[in-house]
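Let me begin by presenting the structure, written as structure tokens, before commenting on it.
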Amino acid sequence: MTGEITLVLVILGAAIVLFASEKIRVDVVSMMVLLALLLTGLLTPEEAFSGFSNPAVITVWAVYIVSASLIHTGIADVIGKYIGRIAGTGEARLTLVIMTAVALMSAFMNNIGAAAVLLPVTISLGRKARIPASKLLIPLAYGSLLGGITTLIGTPPNLLASDALQEVGLAPFKLFDFTPMGLIILSFSLIYMTFLGRHLLPHYAETLHNDPVDFNRDYQLRDYLAELHVLPESPLIGKTIVESSLGEQYDLTVMGVLRDGRMRLGILPNAHIRSGDVLLVQGTEDKMLSVRSEIGVSLVSENGVPDHDWQNEEVMVAELVVSQKAPFIGKTLKNANFRTHYGLSVLAIWREEKTLAGRLGNVQLKLGDTLLVQGRRERIEEAGNDTSFLLLAEREKSTARTSKAPLNMLIFVSMITLVGLGWLHISVAAVLGAILSVLTGCLTMDEAYKSIEWKSVYLIAGMLPMGIAMEKTGTAMFLSDQVVTIVGDMGPIGVMVGLFILTTALTAFMSNAAAAVLVAPIAIQSALNLGIAPQAFVMGIAIAASNSFVTPIGHQACVLVYGPGGYRFFDYARVGFPLTILIWILMTIFLPIFFPF
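The sequence shown runs contiguously to residue 606 in our numbering.
As structure tokens, then:
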């Protein structure tokens with residue numbers, strides 16, 4: 010083992026640790042990897058920055074734009090409504106229809122985009138059928154991942170694996186080369202989830218409600234809401250809500266003011282406080298009790314706030330899920346200036362397995378958090394149309410440009426056809442489709458920029474140079490020798506299974522795109538060492554990279570449904586581990602048939 014190989018392995022090991030720790034954003038880690046390879050002299054500047062011009066990276070961001078155009082023109086919503094007509098009310102049928110629909114969408118859209126579009130639809134169907142969200146949302150997430158492995162553009166690992174073949178002088182995969190293997194896996198997975206997997210899913214009490222009584226019970230709001238009577242000697246009298254500094258100094262959020270028998274709810278920054286007013290506030294009980302004499306108020310009741318006091322015809326309470334597009338992920342509610350920016354008060358946060366309430370100002374927001382918010386109905390509708398959120402309720406109106414839907418569909422079908430016939434490279438067709446979508450008004454350029462998951466783009470562009478370094482320094486050859494030494498006695502099948510396991514394990518600690526970038530060079534070298542064509546190995550690790558079924562953190566689609574489904578961490582493993590084993594078995598049987606050794 011040379012010094013260069015040692016250096017690459019040290020950088021690789023440090024990257025895996027940082028990915029797993031989640032202390033630093035994954036895109037920042039990938040840029041650190043790029044700089045480490047550059048500053049140590051392992052790569053030239055041209056090699057280190059080549060990821061940004063790589064056709065696979067270009068294709069990824071272009072597909073994000075094309076996917077967004079399908080949402081902005083209402084095509085995705087039409088699919089969601091059609092699902093409602095054929096899904097029925099039986100759990101097995103619902104599971105099958107939802108997984109099939111999201112798989113078809115994610116074959117040509119990005120996975121999490123497809124899951125995000127159908128998340129509110131799935132919850133609505135579950136409510137109508139009286140089936141808890143916990144029975145339907147894991148199938149939704151899994152279906153989006155399974156659909157992604159059926160085409161070249163379905164998921165970034167497929168594109169990156171194809172690019173790895175091209176880097177060593179071999180022919181890349183075509184658009185539908187993944188389809189035979191992908192459809193076999195999808196079909197068996199649908200059978201598994203419909204007849205067995207759904208019985209392994211938890212049956213949790215519904216965590217998504219329309220009834221304020223349910224909100225109070227499950228979010229434990231009574232412990233954090235109170236009515237404070239303003240006494241005649243209170244220093245708050247004459248001040249506006251903003252001037253009172255109740256939020257800044259005392260961590261108390263004013264949600265409404267009861268005056269002359271009428272409750273005014275919502276954001277009231279300029280409302281002047283009067284003697285005799287009753288302030289509806291959110292905060293911890295200890296804080297309210299400790300400051301009441303200081304601010305001149307008395308607690309109206311020790312028994313909490315009646316349900317009708319915190320929503321009415323104009324103001325409502327709703328649940329919003331933080332989407333992957335939210336610019337405030339990683340920020341606190343205070344730093345994001347959430348209340349002012351969105352005109353909504355956050356009453357509680359459902360995260361993973363518990364409710365966060367009380368002092369929420371300093372809580373860092375995460376992807377998949379379910380925010381219980383209060384605000385005017387029009388502001389909640391606006392939030393529902395914002396890409397930062399998924400509104401877990403049926404919208405009263407849609408802002409989609411439905412008149413552009415036929416043109417958008419023509420652009421999309423033309424893009425797929427040009428690639429399928431081999432007339433255009435996938436990157437060229439994707440960029441052409443993205444630009445035509447903007448030029449024809451299917452979406453604006455600002456919407457196009459917002460649709461791109463820049464974190465993923467920088468992650469991939471930063472990790473691709475690691476693949477170059479592994480090839481250039483002989484690290485890929487060294488690691489492939491170790492793989493062959495360990496499982497080589499079992500023949501090519503044993504090596505292939507070993508690569509599946511390695512890739513699946515890595516996706517538990519890093520993104521599936523990063524795992525594909527790292528394992529693809531090892532897979533190619535391992536196949537060449539055995540004297541066989543590497544296509545089967547490379548396609549296998551690409552599919553294994555999307556095998557993110559065992560934990561909720563393996564893929565963003567799984568994170569997205571974690572909170573709304575009310576899941577526990579190991580719920581995913583209970584249903585996902587058998588599915589992972591099934592997919593390994595299917596690939597072991599069929600990949601050697603499609604790509605003979």
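Backbone N, C-alpha and C define an ideal beta-carbon position, used for all residues, glycine too.
Cβ separation of residue i and residue j, assumed to be a contact under 8 Å, to the nearest whole Å
i      : j      : result
Ala123 : Ser153 : 5 Å
Leu537 : Phe558 : Not really, about 30 Å apart at Cβ, beyond 8 Å.
Ser465 : Pro165 : 7 Å
Ile425 : Leu376 : Ile425 to Leu376, Cβ: 29 Å. No contact.
Glu328 : Thr379 : 5 Å
Thr449 : Leu427 : Going by Cβ atoms, the distance from Thr449 to Leu427 rounds to 17 Å, so no, they are not a contact pair.
Among the options, nearest to residue i - alpha-carbon criterion
i      : options                        : result
Gly178 : Gln534, Gly574, Leu591         : Gln534
Leu267 : Leu240, Glu242, Glu236, Leu255 : Glu236
Val287 : Ala96, Leu234, Ile510          : Leu234
Phe606 : Val75, Leu210, Val504          : Val504
Pro211 : Met272, Ile67, Leu146, Gln175  : Leu146
Ser423 : Thr411, Ala439, Ala514         : Ala439
Pro474 : Arg283, Asp295, Pro165, Val526 : Val526
Gln175 : His434, Ser253, Ile389, Ser307 : His434
Ser302 : Ile338, Val263, His238, Ala345 : His238
Thr411 : Val372, Asp490, Asp86, Gly431  : Asp86
Leu105 : Leu600, Lys137, Ser198         : Ser198
Glu390 : Ala582, Val326, Leu113, Phe586 : Val326
Ala517 : Gln383, Ala23, Ser30           : Ser30
Thr161 : Ile140, Arg136, Lys144, Met190 : A small correction: the amino acid at residue 161 is Leu; Thr does not occupy that position in the sequence shown. If we check each option's Cα against that of Leu161, Met190 comes out closest.
Ser643 : Leu192, Asp295, Val306         : Nothing about residue 643 can be read from this structure; the chain reaches only from 10 to 606.
Gly256 : Gln383, Asn371, Ile194         : Asn371
Phe586 : Pro543, Ala514, Ile67          : Ala514
Boundaries of the beta strand (DSSP E) in which residue i is found, first to last residue
i      : result
Val38  : Premise fails: Val38 lies in the alpha helix (DSSP H), 35 to 48, not in any beta strand (DSSP E).
Thr379 : 379 to 385
Thr104 : Taken as a continuous stretch (DSSP letters only), Thr104 belongs to no beta strand (DSSP E), being part of the alpha helix (DSSP H) at 100 to 115.
Val238 : Here residue 238 is His; the residue named in the question, Val, does not match the sequence. Taken as a continuous stretch (DSSP letters only), the beta strand (DSSP E) holding His238 covers 234 to 239.
Trp359 : 354 to 360
Phe398 : 398 to 400
Ser460 : It is not in any beta strand (DSSP E) - Ser460 instead sits in the alpha helix (DSSP H) that spans 454 to 460.
Same chain, Cβ closer than 7 Å to residue i, five either side skipped, listed in chain order
i      : result
Asn119 : Val72, Tyr73, Ser76
Ile20  : Val42, Ala45, Leu46
Leu488 : Ile531
Ser115 : Ala123, Ser153, Gly156, Gly157, Gly163
Thr512 : Ala524, Val528, Ile550, Ala553, Ala554
Ala110 : Ile88, Ile92, Leu127
Nonlocal neighbours in the same chain, by C-beta distance under 8 Å from residue i, ignoring five residues either side
i      : result
Leu508 : Val492, Val528, Ile531, Ala532, Ser535, Phe546, Gly549, Ile550, Ala553
Gly497 : Gly503, Val504, Leu539
Gly483 : Thr11, Glu13, Ile14
Met454 : Val447
Lys334 : Thr396, Ser397, Lys459, Ser460, Glu462
Inter-residue spacing [alpha-carbon to alpha-carbon] between residue i and residue j
i      : j      : result
Thr159 : Gln565 : 19 Å
Ala57  : Gly471 : 8 Å
Met108 : Phe579 : 21 Å
Leu48  : Gly12  : 15 Å
Leu401 : Gly50  : 51 Å
Thr293 : Leu261 : 8 Å
Thr98  : Ala142 : 13 Å
Met479 : Leu18  : 9 Å
Gly206 : Tyr576 : 15 Å
Met40  : Ala101 : 45 Å
Ala170 : Ser520 : 14 Å
Asp269 : Arg348 : 26 Å
Leu134 : Ile477 : 47 Å
Leu27  : Ile33  : 7 Å
Leu79  : Pro561 : 27 Å
Val38  : Pro241 : 57 Å
Ile592 : Tyr581 : 16 Å
Leu184 : Leu113 : 15 Å
Val330 : Ile121 : 13 Å
Tyr213 : Trp463 : 35 Å
Tyr151 : Glu323 : 38 Å
Gly574 : Leu600 : 35 Å
Span of the alpha helix (DSSP H) around residue i
i      : result
Ser133 : 120 to 138
Met596 : 580 to 603
Ser153 : 146 to 157
Gly191 : 188 to 201
Arg94  : 84 to 95
Cutoff 6 Å; reference residue i; Cβ partners in own chain excluding five residues on either side
i      : result
Trp70  : Ile461, Val466
Lys248 : Ile282
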